[in-house]
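The numbering of the sequence shown is our numbering, which starts it at 110 and goes up by one. We treat Cβ as the ideally placed atom computed from N, Cα and C, and that holds for glycine. Written below as structure tokens is the structure these notes are about.
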Amino acid sequence: MLLRSLHLEVQYEASELIKDLMRYDVQLAVLKGLVALLKPSKEDIQADKPEILSDPTMPDFGAPLSVYVQQAAACKVIRILAQQSPEVAESLVQLRVVHGLLFALGNANHPDSQRQAAITLEVS
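Shown next, in the form of structure tokens:
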């Protein structure tokens with residue numbers, strides 16, 4: 110949830126916490142979670158949708174911004190982790206991170222997700 114924040118300071122602290130967690134036994138679980146954030150589920154999108162946007166008479170505006178912010182932040186954290194450790198990068202590849210990054214790259218509703226995914230793919 111911290112990666113959904115619009116405040117860059119909060120995202121930075123969350124990424125620092127994630128980097129610290131890479132030294133513990135939860136590394137694989139954290140990496141799986143980050144890869145999962147690249148492809149938000151329909152349930153996540155609907156749960157985050159304000160009630161007013163659920164009105165059938167309202168135009169469809171797509172998923173809420175916070176889901177996309179989280180997706181872009183996950184791309185950024187994945188890039189940082191992959192740059193710091195070849196072993197982590199290999200684990201991410203085995204977890205199909207490239208597929209998730211391509212999914213984020215195709216997100217026409219949030220240019221920052223596209224940008225972060227493209228940079229991460231370029232670095233990887």
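What is the residue span of the alpha helix (DSSP H) that GLN177 lies within? Per the sequence shown, residue 177 should be read as Tyr rather than Gln. Start and end: 174-193.
Cβ of TYR177 within 9 Å of Cβ of SER114? no
Rounded to whole angstroms, how far is the Cβ of ILE151 from the Cβ of PHE212, which I believe are closer than 8 Å? Correcting the residue type first, residue 151 is Lys in the shown sequence and not Ile. Going by Cβ atoms, the distance from LYS151 to PHE212 rounds to 14 Å, so no, they are not a contact pair.
Applying the criterion that 16 or more other CB atoms from any shown protein chain within 10 Å of the CB defines a buried residue, is ARG188 buried or exposed? buried
For ALA217, which of ALA181, TYR133, VAL232 has the nearest alpha-carbon? ALA181
Applying the criterion that 16 or more other CB atoms from any shown protein chain within 10 Å of the CB defines a buried residue, is ALA138 buried or exposed? exposed
HIS219 and LEU174: beta carbons closer than 9 Å? yes
Between the alpha carbons of PRO195 and ASP153, how many angstroms are there, rounded? 31 Å
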